[in-house]
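Data first, discussion second: the structure below is written as structure tokens.
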Amino acid sequence: MDEFVLNYDCPTLSIGEKKGDWGFIDFIAERELGKTAVMKGVDCVGRAFLVIKAEFVLENGEVVPTFATFFQKYVNNKNIWQCFNYKGMEMLYTSYIGDGYPVTVTQIELLKQLLTEREVDLLNIPSDELFHSNANCLRLRCDRISSFY
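In this note's numbering, the protein residues as written are 1 to 149.
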């Protein structure tokens, strides 16, 4: 996942020396992306991260905004990634396993497809992978600065 993120063509978000309460990248505000749907970066200890603004389109046509930060959990292990979901804007469902909330292989493939194609059909995605199991699709959004404006 780290190579994909580092090679993905999107703006870079510089976070300087900032860290979250637990040392993770769980503090980025949606407004920091401006009108951009995706930004990437590397934190002060060398872990890659990706911030995504997207939206679910539910079966009834309702659009639900979502915002999440995906980050490499350990400097010395590029295979374990976590998702920080922002309250009320959750994207992926992650379960506590061992020492964290890792992103599954299915979720990583979903993210890669979302970033490559800008929209993903969710009809064949297991419902326990997403926060909105009644969604038809997940698509990137860049039409507004923040869902709270």
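Using N, Cα and C, we set each Cβ at its ideal position, and we do this for glycine too.
Considering only their Cβ atoms, is the gap separating Thr-116 from Met-91 smaller than 8 Å? Along the sequence shown, one-based indexing puts residue 91 at 91. Along the sequence shown, one-based indexing puts residue 116 at 116. No, these two residues do not count as a Cβ contact at 8 Å.
Can you tell me whether Phe-148 is buried or exposed, with buried defined as 16 or more other CB within 10 angstroms of its CB? In the sequence shown, counting from the first residue as 1, residue 148 sits at position 148. Summary for Phe-148: the model assigns pLDDT 43, below 50, so the residue's position carries little reliability; its value from the coordinates is reported in the next sentence. Classification for Phe-148: exposed.
Assign Asp-128 to one of three DSSP states: helix, strand, or coil. For the purposes of this step, residue 128 is taken as the residue at position 128 of the sequence shown. Helix at Asp-128.
Thinking just about the alpha-carbon of each residue, which of Cys-83, Ala-54, Asp-121 is nearest to the one in Lys-35? Walking along the sequence shown from the start, residue 35 turns up at place 35. Proximity to Lys-35 across Cys-83, Ala-54, Asp-121 peaks at Ala-54, based on C-alpha coordinates.
Close beta carbons around Thr-69, own chain, < 7 Å, minus the five adjacent residues each side: To locate residue 69, count along the sequence shown from 1; it is residue 69. Taken in chain order, the residues that qualify are Ile-25, Asp-26, Ile-28, Phe-49, Val-51, Phe-84.
Of the residues Gln-107, Glu-17, His-132, which one's Cα is nearest the Cα of Arg-47? Position 47 of the sequence shown, counted from the start, is the residue given in the question as residue 47. Of Gln-107, Glu-17, His-132, the residue nearest in Cα terms is Glu-17.
Run the CB neighbour count on Trp-155, radius 10 Å, all protein chains shown included, and call it buried at 16 or more, exposed below. Summary: the structure shown does not reach residue 155, with the chain confined to residues 1 through 149, and so no result is reported for it.
Which term fits Lys-87, buried or exposed, when burial requires 16 or more other beta carbons within 10 angstroms of its beta carbon? Position 87 of the sequence shown holds residue 87. Lys-87 is exposed by the Cβ-count criterion.
Between the beta-carbon of Leu-74 and the beta-carbon of Lys-40, is there less than 8 Å? The sequence position of residue 74 within the sequence shown is 74, counting from 1. The sequence position of residue 40 within the sequence shown is 40, counting from 1. As written in the sequence, residue 74 is Tyr, which differs from the Leu given in the question. Taking 8 Å as the cut-off, the Cβ atoms of Tyr-74 and Lys-40 do not count as close.
Determine whether the Cβ of Phe-27 lies closer than 8 Å to any Cβ atom of chain C. Given the protein chain composition of this structure (a single chain), no chain C is represented.
Beta carbon of Val-64, beta carbon of Phe-56: below 8 Å? Position 64 of the sequence shown, counting from 1, holds the residue named residue 64. Position 56 of the sequence shown, counting from 1, holds the residue named residue 56. The answer is yes: Cβ separation under 8 Å.
For Leu-13, which option in Val-38, Met-1, Lys-19 has the closest C-alpha, if you only look at C-alpha atoms? In the sequence shown, residue 13 corresponds to position 13, counting from 1. Proximity to Leu-13 across Val-38, Met-1, Lys-19 peaks at Val-38, based on C-alpha coordinates.
Which same chain residues, not among the five before or five after Asn-124, have their C-beta less than 6 Å away from its C-beta? The residue you call residue 124 lines up with position 124 of the sequence shown. Nothing listed; no residue qualifies.
For Thr-94, count the other beta carbons within 10 Å of its own beta carbon; 16 or more makes it buried, fewer makes it exposed. Which is it? Here residue 94 refers to the residue found at position 94 when the sequence shown is read from its first residue. The residue is buried, with at least 16 neighbouring Cβ atoms inside 10 Å.
Cutoff 7 Å; reference Asn-134; Cβ partners in own chain excluding five residues on either side: Counted from its first residue, the sequence shown places residue 134 at position 134. Only Leu-58, Glu-59 meet the Cβ criterion.
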